[in-house]
Amino acid sequence: MIRSPPNLGLDATVDELFSPSGGWNVELIHNTFLPDVAKSILQVPIAVGTNPDALLWHYKTCGRYTVGSGYWQARGLHRSPCSSMASPLRYWWTSFWRLHIPLKVKIFFWRACFDWIPTNFNIARRGILVNGRCGACQASPETTKHALLDCKKLNHIRTEWSHVRTAVRGNPASFFDFVTALFAVASEEDNELFCVLVWRVWGCRNAVLHGTYNMDKSEIFCWSQDFLAEFRSHFRGQNQVLPLAPPIPVQWTPPVLRGFKLNCAVAFGRNGEQIGLGMVIRDSTCEVFACCSQSVGSNLNTRTSKLVAIQRGLQFGLDCGIFLSVFEMDDVQLINWVNSGHHFDSEYGAILMNILHLSVCFHGLLFCHVPASANKAARGLATYVLGGVGDTFWMEESPSCISDVLETEKSV
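Have a look at this one:
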């Protein structure tokens with residue numbers, strides 16, 4: 001059932017959905033909008049300051065329009081979701097490009113499926129004065145299907161291929177119709193051999209036409225089998241996975257002298273009903289200066305939760321009145337976002353701008369990505385709050401829940 005918002009007027013603005021504390025008025029939003037709409041609204045982060053309005057292109061994560069993104073979006077609009085052939089053909093093309101055959105064979109086969117190879121029939125159809133009939137048998141027009149499948153000079157190949165040819169019912173009108181019917185019933189190995197076979201047939205046809213080479217038609221099938229077997233053995237050798245030495249885990253390292261390092265992490269409850277944030281501030285002697293374990297609303301998505309964690313971590317550093325020199329987190333994408341500044345026009349732009357404004361308070365602050373093995377203390381605090389203990393702060397003392405981790409990292 002669709003209902004209109006009963007709690008807002010026609011001229012209502014977004015700020016009427018805010019609570020007095022500056023966050024979303026969760027109760028009002030749930031009482032006003034449908035559940036899925038309310039959930040989407042609550043996932044939008046709220047800017048701390050006032051940023052000017054801007055037009056955003058939400059089809060790219062950076063929020064900026066490009067010709068390329070506009071092209072792909074327009075192309076998607078022209079696809080007919082109602083067509084019963086659209087999805088099967090897309091699946092067929094995907095399976096074709098995944099075949100383990102040389103790229104030059106794939107490109108030829110792709111051109112043949114679109115009838116883009118220069119057969120006599122195609123050349124004559126374009127107004128060039130040539131005989132449109134097959135140069136080998138002189139019996140029929142040399143269409144793509146005739147040149148690669150139906151010419152009587154290919155009888156020996158058809159005999160060798162009879163176990164697959166008989167699986168295709170009837171006589172498909174075009175080469176592409178035959179190919180789609182064949183691929184639906186043949187194995188992947190047979191499909192790969194068929195692609196190599198017609199590629200070789202076309203190569204021999206051109207060699208005969210130009211008088212450079214004349215292979216016996218009976219040899220084409222065996223040559224194609226040998227060629228594909230050699231390619232497969234080479235392909236397997238190139239893609240053989242060699243045993244690797246176990247990676248050496250990266251450990252946490254202290255900051256330089258006269259500076260503090262803040263490690264930040266996010267943990268999610270089993271059902272996504274709770275999100276925990278963990279923050280640890282340590283000095284150059286590995287001593288803990290302050291720690292924080294907080295929970296945030298479960299309505300936030302993963303990216304927003306981690307950006308909120310960065311924002312709260314910086315605010316935590318300001319509240320402690322210290323000089324942060326390094327900020328570490330185990331999410332390389334978001335750290336790159338903060339460092340590059342390329343996503344301020346995205347849907348996350350407001351919170352990224354908040355992070356920028358907070359970071360300038362720490363002159364020369366470095367945002368660094370570290371693996372999870374170097375962020376264990378912060379992760380431990382993020383997980384700790386998921387146990388229902390509530391938000392907890394520690395000043396100049398080590399939390400007992402991560403004491404083992406802190407001692408281990410201090411001794412390294």
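With the UniProt record's numbering as the guide, the letters of the sequence shown map in order to residues 1 to 412. All residues carry an ideal CB built from backbone N, CA and C; glycine is no exception.
Is the beta carbon of Leu-324 closer than 8 Å to that of Phe-260? As a first step, residue 260 is located in the sequence shown; it is residue number 260 there, counting from the start. As a first step, residue 324 is located in the sequence shown; it is residue number 324 there, counting from the start. Yes, the Cβ-Cβ distance between Phe-260 and Leu-324 is below 8 Å.
Classify Asp-15 as helix, strand or coil using the three-state DSSP reduction. What you label residue 15 is simply residue 15 of the sequence shown in a count that begins at 1. The answer is helix: DSSP assigns Asp-15 an H, G or I state.
Which same chain residues, not among the five before or five after Val-26, have their C-beta less than 7 Å away from its C-beta? Sequence index remark: in the sequence shown, residue 26 carries index 26 (1-based). Closer than 7 Å at Cβ, skipping near neighbours: Leu-42.
Given a threshold of 16 other Cβ atoms within 10 Å of its Cβ, counted over all protein chains shown, does His-343 qualify as buried or as exposed? The count along the sequence shown starts at 1 and reaches residue 343 at position 343. Buried, by the Cβ-count rule.
Taking the Cβ atom as the reference point for each residue, do Met-329 and Ile-310 lie within a distance shorter than 8 Å? Here residue 329 refers to the residue found at position 329 when the sequence shown is read from its first residue. Here residue 310 refers to the residue found at position 310 when the sequence shown is read from its first residue. Taking 8 Å as the Cβ cut-off, Met-329 and Ile-310 qualify as a contacting pair.
Identify whether Ile-248 lies in helix, strand or coil by the three-state DSSP scheme. In the sequence shown, the residue the question calls residue 248 occupies position 248. It is coil, neither helix nor strand.
Quick check: the Cα distance between Leu-228 and Val-208, rounded to an integer number of angstroms? Here residue 228 corresponds to residue number 228 of the sequence shown, with the count starting at 1. Here residue 208 corresponds to residue number 208 of the sequence shown, with the count starting at 1. If I take the Cα positions, the gap works out to 23 Å.
Span of the alpha helix (DSSP H), counted from its first residue to its last, around Thr-392: Sequence index remark: in the sequence shown, residue 392 carries index 392 (1-based). Looking at the DSSP string, Thr-392 is not in any alpha helix (DSSP H); the run it does join, the beta strand (DSSP E), is 392-395.
Could you spell out the range, first to last residue, of the alpha helix (DSSP H) harbouring Asn-299? The count along the sequence shown starts at 1 and reaches residue 299 at position 299. Neither: Asn-299 is in no alpha helix (DSSP H) and is coded neither H nor E.
Buried or exposed: which applies to Gly-276, given that a residue is buried once 16 or more other Cβ atoms fall within 10 Å of its Cβ? Indexing the sequence shown from 1 puts residue 276 at position 276. So Gly-276 counts as buried.
Between Gly-388 and Arg-312, what straight-line distance do the alpha-carbon atoms span, to the nearest angstrom? Translated into the one-based positions of the sequence shown, residue 388 becomes position 388. Translated into the one-based positions of the sequence shown, residue 312 becomes position 312. Gly-388 and Arg-312 have their C-alpha atoms spaced approximately 20 Å apart.
Of the listed residues Gly-380, Pro-118, Val-14 and Lys-410, nearest to Pro-399 (C-alpha basis): Taking the first residue of the sequence shown as position 1, residue 399 is located at position 399. The option with the nearest alpha carbon to Pro-399 is Gly-380.
What distance in whole Å lies between the Cβ atoms of Gln-251 and Ala-374, which are believed to be in contact at a cut-off of 8 Å? Counting from one through the sequence shown, the residue named residue 374 turns up at place 374. Counting from one through the sequence shown, the residue named residue 251 turns up at place 251. Rounded, the Cβ-Cβ distance is 6 Å, consistent with contact.
Between His-210, Ser-403 and Trp-57, which has its C-alpha nearest residue 424's C-alpha? The structure shown does not extend to residue 424, since the chain spans only 1 to 412, so no value can be given for it.
Measure from the alpha carbon of Val-44 to the alpha carbon of each residue in Lys-410, His-363, Ser-346 and Cys-368, then state which is nearest. Taking the first residue of the sequence shown as position 1, residue 44 is located at position 44. For Val-44, the nearest C-alpha among the options comes from Ser-346.
Who are the Cβ neighbours of Ser-140 in its own chain at under 6 Å, not counting the five residues just before and after it? Within the sequence shown, the letter at position 140 stands for residue 140. Excluding sequence neighbours, Ser-140 sits near Cys-134 and His-146.
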